[in-house]
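Colleague: Residue numbers for the sequence shown follow this note's numbering, beginning at 15 and rising by one. Below you'll find the structure I mean.
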Amino acid sequence: MPLQIVHHPGYDAGFAVNHRFPMSKYPLLMEHLRIRGLAAPQALSKPEPAPAAWLKLAHAADYVDQVIACAVPERIEREIGFPVGPRVSLRAQLATAGTVLAARLALRHGIACNAAGGSHHARRAQGAGFCTFNDVAVASLALLAEGGVENVLIVDLDVHQGDGTADILKDEPRAFTFSMHGERNYPARKIASDLDVALPDGTGDDAYLERLAAILPDLSGQRHWDIVFYNAGVDVHAEDRLGRLALTDGGLRAREDMVIGHFRNRGVPLCGVIGGGYSTDVPILAARHAMLFEVAAGYA
């Protein structure tokens, strides 16, 4: 069975090429996956926009309504980092539904990836930090509400702390949030996850992977996980303009293999999302995001 990949053309909201958020990485990622033979029709699924009822499991009802109506207050749009017009609103609904769909495919097949997602700064009350809706939090709560899972683990390795996920899931005992991130990076005011590991600026491959290798067995020992959501942000790379860490391409690939192998070798379903990446060379950035799918395909 090929790796199941969720994608929609609407993941690209058509930002200008000089926008700080590199929106063109989404179609470029799919181009990389096609070249690598990973995006054959039988491997691809397309989400429908997330219904408001799913979104309101994780977010305040008035905020969800504002996003759907493209009526988000300017103050919140500034915190998100872009206006929430029709394409941005649709993109947020599609990417969130994509993570829900990828999670269901992971439960069925063992592993699946959304070619977007990882919007971990969106908090219960509002979006922030280029994140409109928190797709992983929505998917976690949707699966729990359906009774499809009983214990959910979030492994967030984006370079920025997963403050929004921590905020939304802080009172949900069936979900455990783990974030390993740059200590001195965004957000300035962190919201405590169940487990946070903050790394100093300049952390490279060896120190990063050694720290991660020590943590994964502890996470597995906590309880039986029904699914793991893995935020594989590539902004930990040395060449990322918002990262401040120093991983290489080899370190990124080793990280993906360490995380995916750890859980798949224990029979735990894994749903991958791509998280952040902000290099100015967007084709190279897309190739870094493709590593998640390349490694995951080896476990499909």
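We treat Cβ as the ideally placed atom computed from N, Cα and C, and that holds for glycine. Model, not experiment: these values are computed from the prediction.
(1) DSSP puts I125 in a beta bridge; with which residues?
(2) Please report the straight-line C-alpha distance between L284 and R92, rounded to a whole angstrom.
(3) Going by other Cβ atoms of all chains shown within 10 Å of its Cβ, with 16 needed for buried, is M15 buried or exposed?
(4) Give the DSSP-derived three-state secondary structure of Q18 in the structure shown.
(5) So is A311 buried or exposed if we call it buried at 16+ other beta carbons inside 10 Å?
(6) To the nearest angstrom, how far is it from the Cα of H238 to the Cα of N165?
(7) In whole angstroms, what separates the C-alpha of V242 from that of A85?
(8) Three or more beta-carbon pairs under 8 Å between the segment 249 to 257 and the segment 285 to 299, yes or no?
(9) Please confirm whether Q175 and D210 have their CB atoms less than 8 Å apart.
(10) For the ligand MG, any of its heavy atoms closer than 7 Å to the Cβ of P41?
(11) Among D208, A252, I205 and A206, whose alpha-carbon lies nearest the alpha-carbon of D215?
(12) Hey, how far is the Cα of V250 from the Cα of D208?
(13) For R31, is the classification buried or exposed, using 16 other Cβ atoms within 10 angstroms of its Cβ as the cut-off for buried?
(14) Rounding to the nearest angstrom, what Cα-Cα distance links A116 and D170 in this structure?
(15) From the DSSP output, in three-state form, read off L52 for me.
Modeller: By the coordinates alone:
(1) To locate residue 125, count along the sequence shown from 1; it is residue 111. Note: I125 sits in a beta bridge opposite L284.
(2) To locate residue 284, count along the sequence shown from 1; it is residue 270. To locate residue 92, count along the sequence shown from 1; it is residue 78. Those two C-alpha atoms are separated by around 33 Å.
(3) Position 1 of the sequence shown, counting from 1, holds the residue named residue 15. Classification of M15: exposed, given that the 10 Å Cβ count is below 16.
(4) Translated into positions along the sequence shown, residue 18 becomes position 4. Q18 falls in the strand class under three-state DSSP.
(5) For the purposes of this step, residue 311 is taken as residue 297 along the sequence shown, with counting starting at 1. It is buried - the Cβ of A311 has at least 16 other Cβ atoms within 10 Å.
(6) The residue labelled residue 238 in the question sits at position 224 within the sequence shown. The residue labelled residue 165 in the question sits at position 151 within the sequence shown. Those two C-alpha atoms are separated by around 7 Å.
(7) In the sequence shown, counting from the first residue as 1, residue 242 sits at position 228. In the sequence shown, counting from the first residue as 1, residue 85 sits at position 71. So the two alpha carbons sit approximately 34 Å from each other.
(8) yes
(9) Translated into positions along the sequence shown, residue 175 becomes position 161. Translated into positions along the sequence shown, residue 210 becomes position 196. The answer is yes: Cβ separation under 8 Å.
(10) Annotation note on the ligand MG: not contained in the displayed structure, which lists no ligands.
(11) By one-based count along the sequence shown, residue 215 stands at place 201. Closest by alpha carbon: A252.
(12) Translated into the one-based positions of the sequence shown, residue 250 becomes position 236. Translated into the one-based positions of the sequence shown, residue 208 becomes position 194. Their backbone Cα atoms lie some 21 Å apart in a straight line.
(13) Indexing the sequence shown from 1 puts residue 31 at position 17. Before going further, note that residue 31 is Val rather than Arg in the sequence given. Exposed.
(14) For the purposes of this step, residue 116 is taken as residue 102 along the sequence shown, with counting starting at 1. For the purposes of this step, residue 170 is taken as residue 156 along the sequence shown, with counting starting at 1. Going from the Cα of A116 to the Cα of D170 covers about 17 Å.
(15) Position 38 of the sequence shown, counting from 1, holds the residue named residue 52. L52 falls in the coil class under three-state DSSP.
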